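Trainee: Handing you a structure now.
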Amino acid sequence: MKNVFVILCALLLLSACGKKNNTEERFSALPAFNKVRLDATFNVYLTEDTVYSLTTVADKKLMDDITYTVEDSVLIIGSTRKWKWLTPTKNNVKLYIHSKPLKEVNPKETCHIETTNAVTSVEFGLVLESKTSEADLELDCGIFYYWMNSPSGGKIRLHGKVEQLRLWNDHYVSVDARDLTATTAHVENNSRSNCEITVVNKLEYKIGGIGDIHLYGSPPVIVEQEVTSTGRLVVH
Numbered sequence: 003m004k005n006v007f008v009i010l011c012a013l014l015l016l017s018a019c020g021k022k023n024n025t026e027e028r029f030s031a032l033p034a035f036n037k038v039r040l041d042a043t044f045n046v047y048l049t050e051d052t053v054y055s056l057t058t059v060a061d062k063k064l065m066d067d068i069t070y071t072v073e074d075s076v077l078i079i080g081s082t083r084k085w086k087w088l089t090p091t092k093n094n095v096k097l098y099i100h101s102k103p104l105k106e107v108n109p110k111e112t113c114h115i116e117t118t119n120a121v122t123s124v125e126f127g128l129v130l131e132s133k134t135s136e137a138d139l140e141l142d143c144g145i146f147y148y149w150m151n152s153p154s155g156g157k158i159r160l161h162g163k164v165e166q167l168r169l170w171n172d173h174y175v176s177v178d179a180r181d182l183t184a185t186t187a188h189v190e191n192n193s194r195s196n197c198e199i200t201v202v203n204k205l206e207y208k209i210g211g212i213g214d215i216h217l218y219g220s221p222p223v224i225v226e227q228e229v230t231s232t233g234r235l236v237v238h
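According to our numbering, the sequence shown holds residues 3 to 238 in order.
This is the structure we're talking about:
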């Protein structure tokens, strides 16, 4: 029995080593860009820096399929794989992107996006397409905006502080911005999920879905522009 246990441990160790050895890392210095477009499924880690670079970590069998280019100040990252079967948790590809303050990130496929430090742009935005994505963003900028171009789902978490928060939420996306302090905010929630926000001066809002807007921060000015569904403003 003891010998069987030893053999099993050895097999597990060899399997783990094999998986580790199959992972490859590639670094590329890049020309300047201020927007990022993601045309395939990736785990993305954004770092605000003084240089422009991309480090890709993936299984060796996936590495050569990853493409990237900078066009008109947009970093475009995709994949030549015929079948889009990659997911953020299986056969995932990790992208570590370093750049000066960005203007926008646009995931066109299912992605998980995180910041490793605060985004300090004058204006920074997240635009979702028709896939389910998640984002966890640390902000210290003038304006942050978010909207979607077509039906999608997912969750967005925001932290830090902004002068202006602009959210156009729809479909099945939830927004947790309770840990983001906004001086002013314009929020339109047409989603089936909730938006949580913290605003200190002024909130303008519209509700067109069954999802609520949960308001923290006790702003002295609250302007209801339009409510056309069962969702409501919940003041805490």
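Even for Gly, the Cβ is constructed at its ideal location relative to N, Cα and C.
Computed from a prediction, not measured in an experiment: that's the story for all the values here.
Keeping to the same chain, check which residues put their C-beta closer than 7 Å to that of Val-237; ignore five residues upstream and five downstream.
Mentor: Numbered from 1 along the sequence shown, position 235 holds the residue referred to as residue 237. Excluding positions up to five away in sequence, the list reads Leu-217.
Trainee: To the nearest angstrom, how far is the alpha carbon of Thr-118 from that of Thr-230?
Mentor: Here residue 118 corresponds to residue number 116 of the sequence shown, with the count starting at 1. Here residue 230 corresponds to residue number 228 of the sequence shown, with the count starting at 1. Roughly 39 Å between the two C-alpha positions.
Trainee: For Thr-52, does the count of other Cβ atoms within 10 angstroms reach 16, so buried, or fall short, so exposed?
Mentor: Against the sequence shown, residue 52 aligns to sequence position 50. The residue is exposed, with fewer than 16 neighbouring Cβ atoms inside 10 Å.
Trainee: Val-107 and Leu-128 - do their beta-carbons sit closer together than 8 Å?
Mentor: Here residue 128 corresponds to residue number 126 of the sequence shown, with the count starting at 1. Here residue 107 corresponds to residue number 105 of the sequence shown, with the count starting at 1. For Leu-128 and Val-107, yes; Cβs fall inside 8 Å.
Trainee: Between Ile-145 and Ala-42, what straight-line distance do the alpha-carbon atoms span, to the nearest angstrom?
Mentor: Locating residue 145 in the sequence shown gives position 143, where the first residue counts as 1. Locating residue 42 in the sequence shown gives position 40, where the first residue counts as 1. Cα to Cα, the separation comes out at about 27 Å.
Trainee: Buried or exposed, going by whether 16 or more other CB atoms sit within 10 Å of the CB of Ser-30?
Mentor: In the sequence shown, the residue the question calls residue 30 occupies position 28. Exposed: under 16 other Cβ atoms inside 10 Å.
Trainee: Check the C-beta distance from Leu-205 over to Val-225 and give it rounded, since I have them as a contact under 8 Å.
Mentor: Here residue 205 refers to the residue found at position 203 when the sequence shown is read from its first residue. Here residue 225 refers to the residue found at position 223 when the sequence shown is read from its first residue. About 7 Å separates the two Cβ atoms, so the contact holds.
Trainee: Since Ser-75 and Phe-35 should fall inside the 8 Å C-beta cutoff, what is the C-beta to C-beta distance between them, to a whole number of angstroms?
Mentor: Position 73 of the sequence shown, counted from the first residue, corresponds to residue 75. Position 33 of the sequence shown, counted from the first residue, corresponds to residue 35. Yes, they are in contact, since the Cβ atoms of Ser-75 and Phe-35 sit about 5 Å apart, within 8 Å.
Trainee: With DSSP as the reference, label Leu-32 as helix, strand or coil.
Mentor: By one-based count along the sequence shown, residue 32 stands at place 30. It is coil, neither helix nor strand.
Trainee: In this structure, how does DSSP classify Leu-77 when only helix, strand and coil are distinguished?
Mentor: Within the sequence shown, the letter at position 75 stands for residue 77. In the structure shown, Leu-77 sits in a strand (DSSP, three-state: E or B).
Trainee: Secondary structure at Cys-19, three-state DSSP: helix, strand or coil?
Mentor: Within the sequence shown, numbered from 1, the residue matching residue 19 stands at position 17. In this prediction, Cys-19 scores a pLDDT of 44, lower than 50, which makes its location untrustworthy; the coordinate-derived value is nonetheless stated afterwards. Helix, per DSSP.
Trainee: In the DSSP assignment, the beta strand (DSSP E) including Leu-97 goes from what residue to what residue?
Mentor: Here residue 97 refers to the residue found at position 95 of the sequence shown. Run containing Leu-97: 96-101, per the beta strand (DSSP E) assignment.
Trainee: Does DSSP put Leu-104 in a helix, a strand or coil?
Mentor: Residue numbering aside, residue 104 sits at position 102 when the sequence shown is read from its first letter. Reduced to three states, the DSSP call for Leu-104 is coil.
Trainee: My output table needs one value for Lys-63: the three-state DSSP class, helix, strand or coil.
Mentor: Counting from 1 along the sequence shown, the entry for residue 63 is found at position 61. In this structure, Lys-63 counts as helix in the three-state DSSP scheme.
Trainee: Determine the contact status of Ile-79 and Leu-97, defining contact as a CB-CB distance below 8 Å.
Mentor: As a working mapping, residue 79 is identified with position 77 in the sequence shown. As a working mapping, residue 97 is identified with position 95 in the sequence shown. In this structure, Leu-97 lies closer than 8 Å to Ile-79 by Cβ.
Trainee: Using only the alpha-carbon positions, how far apart do Arg-39 and Gly-213 sit?
Mentor: The residue you call residue 39 lines up with position 37 of the sequence shown. The residue you call residue 213 lines up with position 211 of the sequence shown. Computed Cα separation, rounded: 29 Å.
Trainee: Using a Cβ-Cβ cut-off of 8 Å, state whether Thr-57 counts as contacting chain B.
Mentor: You won't find chain B in this structure, because it holds only one protein chain.
Trainee: Answer with buried or exposed for Ser-152, where buried requires no fewer than 16 other C-beta atoms within 10 angstroms of its C-beta.
Mentor: Taking the first residue of the sequence shown as position 1, residue 152 is located at position 150. Per the 10 Å Cβ criterion, exposed.
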